[in-house]
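Residue numbers (our numbering), protein chains in the order written: chain A, 1 to 110; chain B, 1001 to 1117. Heads up, the beta-carbon is just placed ideally off N, CA and C, and yes, glycines get one too. Just so you know, these numbers come straight off a predicted model, no measurement behind them.
Put into structure tokens, the structure is as follows:
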């Protein structure tokens, strides 16, 4: 019940395209849903986060869509750029303990 | 923004050696820090929660005598891998939250690559 399922495992998009990564959870006690970006050899960096009282949050080119009834949330990267190529992790928490998804390796081709 | 610093960034040592990794919050005080382990192309797995001034809380399956955690101040937590063996080779990452309470953003260090020969 603590798992967070993430898909796809890998994603290739063309520059300027939209990247979409999906996550699903089971534990209804989760009430905080961040997304992290990780480059090789580096720690994860917080991108954007959402709480379940809103259905969408946008920051620049990054948007989280949240569906509480379906227990799903997704990250949309608009106008994807080669510099966005990285591994993306969704996560969920109740309290301070984060549970991470399996990760999505995004490649944006020039 | 909040900065979490880890040291060293990379260590190579012989089997049987003990290795200490430091995690510092540079511009805020952290009563709680977290230690994760990440294998290549895998997700982050929480190893333990480090609490300032008290014992760490370890996740199921993590050997507390193998991975010693000390959180002696509000800005420093250390992870010591005792008598390290090749299977302990991994990427170790710490995190801390600037604010107390639940659901606060976690800020991660840049990790320590540990290679045991």
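So, are the CB atoms of residue i and residue j less than 9 Å apart?
| i | j | result |
| --- | --- | --- |
| residue 1045 of chain B | residue 1071 of chain B | no |
| residue 1110 of chain B | residue 83 of chain A | no |
| residue 86 of chain A | residue 9 of chain A | no |
| residue 1095 of chain B | residue 43 of chain A | yes |
| residue 1058 of chain B | residue 1092 of chain B | no |
| residue 80 of chain A | residue 14 of chain A | yes |
| residue 1052 of chain B | residue 1082 of chain B | no |
| residue 1066 of chain B | residue 1088 of chain B | yes |
| residue 58 of chain A | residue 66 of chain A | no |
Return the Cβ separation of residue i and residue j in integer angstroms, given the expectation that the two are a contact with Cβ distance under 8 Å.
| i | j | result |
| --- | --- | --- |
| residue 72 of chain A | residue 24 of chain A | 5 Å |
| residue 106 of chain A | residue 11 of chain A | 5 Å |
Only counting the same chain, and skipping five residues up and downstream in sequence, which positions put a Cβ closer than 6 Å to that of residue i?
| i | result |
| --- | --- |
| residue 1097 of chain B | 1104, 1106 |
| residue 68 of chain A | 52 |
| residue 1026 of chain B | 1003, 1005 |
| residue 103 of chain A | 87, 89 |
| residue 39 of chain A | 86 |
| residue 70 of chain A | none |
| residue 35 of chain A | 47, 48, 75, 90 |
| residue 33 of chain A | 50, 73, 92 |
| residue 17 of chain A | 80 |
| residue 1024 of chain B | 1005, 1075, 1076 |
| residue 132 of chain A | There is simply no residue 132 of chain A to check, as chain A begins at 1 and stops at 110 in what is shown. |
Taking 8 Å as the limit between beta carbons, can you name the residues of its chain near residue i, skipping five residues before and five after?
| i | result |
| --- | --- |
| residue 1029 of chain B | 1074, 1075 |
| residue 1015 of chain B | 1084, 1085, 1086, 1116, 1117 |
| residue 1009 of chain B | 1110, 1111, 1112, 1113 |
| residue 31 of chain A | 51, 52, 93, 94 |
Between residue i and the rest of its own chain, which residues show a CB-CB distance below 7 Å, the 5 nearest in sequence each way excluded?
| i | result |
| --- | --- |
| residue 61 of chain A | 77, 78, 79 |
| residue 4 of chain A | 23, 25, 90, 91, 92, 99, 100, 101 |
| residue 1007 of chain B | 1022 |
| residue 1119 of chain B | What the structure shows of chain B is the stretch from 1001 to 1117, and residue 1119 of chain B is not part of that stretch, so it cannot be assessed. |
Could you check if residue i belongs to the surroundings of the ligand FMN, using beta carbon to heavy atom distance under 8 Å?
| i | result |
| --- | --- |
| residue 1012 of chain B | Among the ligands in the structure shown, none appear at all, so the ligand FMN cannot be discussed. |
Taking one C-beta from the segment 1075-1085 of chain B and one from the segment 1018-1026 of chain B each time, how about it: are there three or more such pairs within less than 8 Å?
-> Yes, the segment 1075-1085 of chain B is in contact with the segment 1018-1026 of chain B.
Quick one: any contact between the segment 50-60 of chain A and the segment 85-94 of chain A, if contact means 3 or more CB pairs under 8 Å?
-> No, because fewer than three Cβ pairs between the segment 50-60 of chain A and the segment 85-94 of chain A fall closer than 8 Å, the two stretches do not touch.
Residues of the segment 33-50 of chain A whose Cβ lies closer than 9 Å to any Cβ of chain B, in chain order = The segment 33-50 of chain A vs chain B, Cβ under 9 Å: 34, 36, 38, 41, 42, 43, 44, 45, 46, 49.
Okay, do the segment 72-86 of chain A and the segment 6-25 of chain A touch, 3+ Cβ pairs below 8 Å being the bar?
-> With a cut-off of 8 Å, the segment 6-25 of chain A and the segment 72-86 of chain A count as touching, because enough Cβ pairs lie within range.
Could you run through the segment 1007-1030 of chain B and flag, in chain order, every residue whose CB is less than 8 Å away from some CB of chain A?
-> Along the segment 1007-1030 of chain B, none of the residues has a CB nearer than 8 Å to a CB of chain A.
Which residues, in chain order, does the segment 55-89 of chain A contribute to contact with chain B at a C-beta distance below 7 Å?
-> Listed by position along the chain: 89.
Taking only beta carbons into account, state which residues of the segment 1066-1099 of chain B come closer than 7 Å to chain A, listed in chain order.
-> Hits within the stretch, in order: 1093, 1097.
Short-range partners of chain A found in the segment 1039-1054 of chain B, where Cβ spacing is below 9 Å | Of all residues in the segment 1039-1054 of chain B, the ones placed with a Cβ closer than 9 Å to any Cβ belonging to chain A are 1041, 1042, 1043, 1044, 1045, 1046, 1049, in chain order.
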